[in-house]
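Asks: Numbering (the numbering used here), first residue to last: 3 to 215. Built from N, CA and C at the ideal position, the CB exists for glycine as well. None of the values given here were measured: they were computed from a predicted structure. Quick one: the structure is below, and I'll ask about it shortly.
Listed below in structure tokens is the structure:
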């Protein structure tokens, strides 16, 4: 199961619950923690971990409170470790292509640097999906209609282009769950974005670079 939660926060942020059929879940990019706890309890969900897509504050400001409340770890790319304001023992560093288990659900880590060097996406393949539909939680790497910024100190526009090219290779029916509500719709697909997303449509780095200015 996956549930998209419009947190609002800094700039139309989304948090997510994602988990197995037994209602074991990971909470992705938590904020407004009291609201998330209320939802978890109302829906009978058991949080097993927190996942972060990257270390920017508006995606991590609820990590410490939620992890402390439930006594659960946070999984983040190894480059994010020193940027998270939480006890080091609660952080589980993750790397590209690592497989995480949320109860019976298998989730693949995709390291997608560019927006920031610790950015990751979380991928559920068709084989591991509860309904045969692949899904990708993208954080600020890919939105509906465009991609994230590349003007931070830790940004790298060349890495960003490579990360988006990698995402384009996923199955066309992969559903995209972005970190912010910027698009006409809150959820999209790889097929739709390849056709309509100005950054994903780029066929060369030079074209991408021009559209990022």
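If we count the other Cβ atoms within 10 Å of its Cβ and call it buried at 16 or more, is residue 49 buried or exposed?
Replies: Here residue 49 is taken as the residue at index 47 of the chain shown, counted from 1. Buried: at least 16 other Cβ atoms inside 10 Å.
Asks: Find the nearest neighbour of residue 135 within the set 126, 76, 66 and 82, judged by alpha-carbon distance.
Replies: By one-based count along the chain shown, residue 135 stands at place 133. Here the closest residue by C-alpha is 126.
Asks: May I have the straight-line CA-CA distance separating residue 159 from residue 152, to the nearest angstrom?
Replies: The sequence position of residue 159 within the chain shown is 157, counting from 1. The sequence position of residue 152 within the chain shown is 150, counting from 1. Each residue's alpha carbon lies about 6 angstroms from the other.
Asks: Pick out whichever of 212, 175, 172 and 150 has its Cα sitting closest to the Cα of residue 13.
Replies: Taking the first residue of the chain shown as 1, we reach residue 13 at position 11. Looking at the Cα atoms, 150 is the closest of the given residues.
Asks: Smallest Cα separation from residue 71: which of 107, 146 and 52?
Replies: Here residue 71 refers to the residue found at position 69 when the chain shown is read from its first residue. Nearest C-alpha to residue 71: 52.
Asks: For residue 16, list the residues DSSP reports as bridge partners.
Replies: Indexing the chain shown from 1 puts residue 16 at position 14. Beta-bridge pairing links residue 16 to 8.
Asks: Just verifying my parser: in three-state terms, what is the DSSP assignment at residue 58?
Replies: For the purposes of this step, residue 58 is taken as the residue at position 56 of the chain shown. Note: residue 58 maps to coil in three-state DSSP.
Asks: State the Cα-Cα distance for the pair residue 112 and residue 56, rounded to the nearest angstrom.
Replies: In the chain shown, residue 112 corresponds to position 110, counting from 1. In the chain shown, residue 56 corresponds to position 54, counting from 1. About 12 angstroms.
Asks: Does DSSP classify residue 110 as helix, strand or coil?
Replies: Counting from 1 along the chain shown, the entry for residue 110 is found at position 108. Three-state DSSP puts residue 110 in a strand.
Asks: Have a look at 131, 120 and 32 and flag the residue whose alpha-carbon is nearest the alpha-carbon of residue 79.
Replies: In the chain shown, the residue the question calls residue 79 occupies position 77. If we check each option's Cα against that of residue 79, 120 comes out closest.
Asks: Pull up the distance between the alpha-carbon of residue 85 and that of residue 28, whole angstroms please.
Replies: If you number the chain shown from 1, residue 85 lands on position 83. If you number the chain shown from 1, residue 28 lands on position 26. The alpha-carbon atoms of residue 85 and residue 28 are separated by roughly 21 angstroms.
Asks: Please classify residue 215 as buried or exposed, where buried requires at least 16 neighbouring CB atoms within 10 angstroms.
Replies: Within the chain shown, the letter at position 213 stands for residue 215. Burial call: exposed.
Asks: Return the first residue and the last residue of the beta strand (DSSP E) that residue 50 is part of.
Replies: Working through the chain shown from its first residue, we reach residue 50 at position 48. 48-53 is the extent of the beta strand (DSSP E) around residue 50.
Asks: By how many angstroms is the C-alpha of residue 105 removed from the C-alpha of residue 129?
Replies: As a working note, residue 129 is residue 127 in the chain shown. As a working note, residue 105 is residue 103 in the chain shown. Taking the straight line from one Cα to the other gives about 16 angstroms.
Asks: Below 8 angstroms on the Cβ atoms is my contact criterion, and I expect residue 194 with residue 148 to pass it. Report the Cβ-Cβ distance as a whole number of Å.
Replies: Here residue 194 refers to the residue found at position 192 when the chain shown is read from its first residue. Here residue 148 refers to the residue found at position 146 when the chain shown is read from its first residue. About 13 angstroms; that fails the 8 angstroms criterion.
Asks: Where does the unbroken alpha helix (DSSP H) through residue 163 begin, and where does it stop?
Replies: Residue mapping note: residue 163 aligns to position 161 of the chain shown, counting from 1. Segment 159-170, the alpha helix (DSSP H) holding residue 163.
Asks: In the DSSP assignment, find the beta strand (DSSP E) that holds residue 39 and state where it starts and stops.
Replies: For the purposes of this step, residue 39 is taken as the residue at position 37 of the chain shown. Looking at the DSSP string, residue 39 is not in any beta strand (DSSP E); the run it does join, the alpha helix (DSSP H), is 35-44.
Asks: Less than 6 angstroms between C-beta atoms, sequence neighbours within five positions excluded: which residues of the same chain meet that for residue 156?
Replies: Reading the chain shown from its first residue, position 154 is the one you call residue 156. Cβ within range, chain order: 118 and 119.
Asks: Report the rounded CA-to-CA distance for residue 164 versus residue 180, giving the unit in angstroms.
Replies: Your numbering for residue 164 matches position 162 in the chain shown. Your numbering for residue 180 matches position 178 in the chain shown. Between residue 164 and residue 180, the C-alpha separation is close to 18 angstroms.
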